[in-house]
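K.L.:
Can you read through this structure? Questions will come right after.
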Amino acid sequence: MKLYEDLEKCVIEMMPVVSSLCFHVADAKNKSGYHVNLRCDCGVKQVGTVRMSSKRPTPGDCLRELGRVIQQDHVPPASLQRKNFKMLKKMLLMCPQNVLLMRQVPGAHSA
């Protein structure tokens, strides 16, 4: 699943409003998670931190939730989806062993 997490990171980093993706290491009070810095016209400079929890037990789950929040609140959906699916498909096709993974990513096969 490390490959899938790396792809989630790439998709988030390719979003036009994201300037950086940051990982927070767990400490005594908080679990680990991710946040992004934005270059968005809405005035918001950060989204997150989305931390691991019972609903998000893995880093990949945190990344998916973070991506969902960014898309919902900061990115025009149609243009982002077309761009991300094309780039994701191109990335997956670079390695022949990823063809099976591509079938599992919603919308990637139709881009």
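Here the sequence shown stands for residues 16 to 126, where the numbers follow this note's numbering. The C-beta atom is built at its ideal place from N, Cα and C for all residues, glycine as well.
#1: Does the beta-carbon distance from glycine 48 to threonine 64 come in below 7 angstroms?
#2: In the DSSP output, what is asparagine 52 paired with across the bridge?
#3: Is the beta carbon of leucine 18 sitting closer than 7 angstroms to the one on isoleucine 27?
#4: Name the residue from Asp42, Cys57, Ala41 and Val32 whose alpha carbon lies nearest to the alpha carbon of valine 51.
#5: If distances are taken between C-alpha atoms only, which option among Ser34, Lys24, Val40 and Met102 comes closest to valine 59?
#6: Give me the Cα-Cα distance between lysine 70 and glutamine 86, rounded to the nearest whole angstrom.
#7: Quick one: using the 10 Å Cβ neighbour count with 16 as the cut-off for buried, is alanine 123 buried or exposed?
#8: How about lysine 44 and methionine 67: are their beta carbons less than 7 angstroms apart?
#9: Which same chain residues, not among the five before or five after valine 84, have their C-beta less than 8 angstroms away from its C-beta?
#10: Assuming glycine 82 and glutamate 20 make a contact with CB atoms under 8 angstroms, what is their CB distance in whole Å?
#11: Using the beta-carbon count (16 or more within 10 Å), is cysteine 55 buried or exposed?
#12: Cutting at 6 angstroms between CB atoms, please list the residues of its own chain near histidine 89, excluding the five before and the five after it.
P.N.:
Taking the coordinates as given:
#1: In the sequence shown, the residue the question calls residue 48 occupies position 33. In the sequence shown, the residue the question calls residue 64 occupies position 49. In contact: glycine 48 and threonine 64 (Cβ atoms closer than 7 angstroms).
#2: Position 37 of the sequence shown, counting from 1, holds the residue named residue 52. According to DSSP, which records beta bridges pairwise, asparagine 52 is partnered with Ser35 and Gln61.
#3: If you number the sequence shown from 1, residue 18 lands on position 3. If you number the sequence shown from 1, residue 27 lands on position 12. Their beta carbons are not under 7 angstroms apart, which means leucine 18 does not touch isoleucine 27 by this criterion.
#4: Residue mapping note: residue 51 aligns to position 36 of the sequence shown, counting from 1. Ranking Asp42, Cys57, Ala41 and Val32 by CA distance to the CA of valine 51 puts Val32 first.
#5: Here residue 59 refers to the residue found at position 44 when the sequence shown is read from its first residue. Of the listed residues, the one whose Cα sits closest to valine 59 is Ser34.
#6: Taking the sequence shown and counting its residues from 1, the one referred to as residue 70 is at position 55. Taking the sequence shown and counting its residues from 1, the one referred to as residue 86 is at position 71. Taking the straight line joining both Cα atoms gives about 20 angstroms.
#7: Counting from one through the sequence shown, the residue named residue 123 turns up at place 108. With a pLDDT of 49 at alanine 123, under the threshold of 50, the modelled position of that residue is not reliable, and the figure given next carries that caveat. It is buried - the Cβ of alanine 123 has at least 16 other Cβ atoms within 10 Å.
#8: Indexing the sequence shown from 1 puts residue 44 at position 29. Indexing the sequence shown from 1 puts residue 67 at position 52. No, Cβ-Cβ distance for lysine 44 and methionine 67 is not below 7 angstroms.
#9: For the purposes of this step, residue 84 is identified with residue 69 of the sequence shown, where counting begins at 1. Excluding sequence neighbours, valine 84 sits near Val62, Gly63 and Val65.
#10: Along the sequence shown, read from residue 1 onward, the residue named residue 82 stands at position 67. Along the sequence shown, read from residue 1 onward, the residue named residue 20 stands at position 5. Between glycine 82 and glutamate 20 the beta-carbon gap is near 12 angstroms, outside 8 angstroms, which marks them as no contact.
#11: By one-based count along the sequence shown, residue 55 stands at place 40. Taking all protein chains shown into account, cysteine 55 has 16 or more neighbouring C-beta atoms within 10 Å of its C-beta and is therefore buried.
#12: Numbered from 1 along the sequence shown, position 74 holds the residue referred to as residue 89. Result list for histidine 89: Val32 and Cys55, in chain order.
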